[in-house]
Amino acid sequence: VQLQASGGGLVQPGGSLRLSCAASGSIFGINVMGWYRQAPGKQRELVAAITRDGSPNYADSVKGRFTISRDNAKNTVYLQMNSLKPEDTAVYYCNAQMTTDWGTRGYWGQGTQVTVSS
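Numbering-wise, the sequence shown is residues 13 to 130 according to our numbering.
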């Protein structure tokens, strides 16, 4: 069972990026999926999360700029990031609460770097 994140990169301030994270393996079900980020010297923080039925919640710092969505048929969560700011620069990690042969727990993806700079 693993989570594979993609879509990071270098973008200018005001630009956009779309992150994707796909779960694979022997998965019986996925509950909450989310994105976290960790900037250098800072703690990992929640950016956005979404329940299985599509109810989202966002950190105040990204409200109105980021949109989280998911495709349950593809076991994939997305993060559309618009109006990016330099302070959005961080490694972004996806997380999912998944039920597998070993029970239910949270899994982390490998992280993808997002750099916002001119």
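Don't be surprised by glycine CBs; every beta carbon is placed ideally from N, CA and C. Here the structure is a predicted model, which is why all the values come from computation and not from measurement.
Item to check | 8 Å contact criterion, which I80 and I62 should meet: CB distance rounded | outcome: Locating residue 80 in the sequence shown gives position 68, counting from the first residue. Locating residue 62 in the sequence shown gives position 50, counting from the first residue. About 5 Å; that satisfies the 8 Å criterion.
Item to check | Three-way DSSP call (helix, strand, coil) for N87 in this model | outcome: As a first step, residue 87 must be located in the sequence shown, where it is residue number 75. Here N87 sits in coil by DSSP.
Checklist entry - Is it true that the stretch 29-39 meets the stretch 86-99, where meeting means three or more beta-carbon pairs spaced less than 8 Å apart? => result yes
Next on the checklist: According to DSSP, L96 sits in a beta bridge with which residue or residues?
Outcome noted: Position 84 of the sequence shown holds residue 96. Its beta-bridge partners do not exist; DSSP assigns none.
Item to check | Distance between beta carbons of R64 and A11, contact taken as under 8 Å | outcome: The question about residue 11 has no answer here: the residues shown for the chain are numbered 13 through 130.
Checklist entry - Can you give the Cα-Cα distance for T127 and W114, rounded to whole angstroms? => result Numbered from its first residue, the sequence shown carries residue 127 at position 115. Numbered from its first residue, the sequence shown carries residue 114 at position 102. Going from the Cα of T127 to the Cα of W114 covers about 36 Å.
Checklist entry - Per DSSP, which one or two residues make a beta bridge with F78? => result Counting from 1 along the sequence shown, the entry for residue 78 is found at position 66. Bridge partners of F78: M93.
Checklist entry - For L22, does the count of other Cβ atoms within 10 angstroms reach 16, so buried, or fall short, so exposed? => result Here residue 22 corresponds to residue number 10 of the sequence shown, with the count starting at 1. Per the 10 Å Cβ criterion, exposed.
Next on the checklist: Suppose the cutoff is 6 Å on Cβ atoms and the five residues either side in sequence are ignored; what does the same chain contact list for G123 look like?
Outcome noted: As a working mapping, residue 123 is identified with position 111 in the sequence shown. Around G123: V103, Y105.
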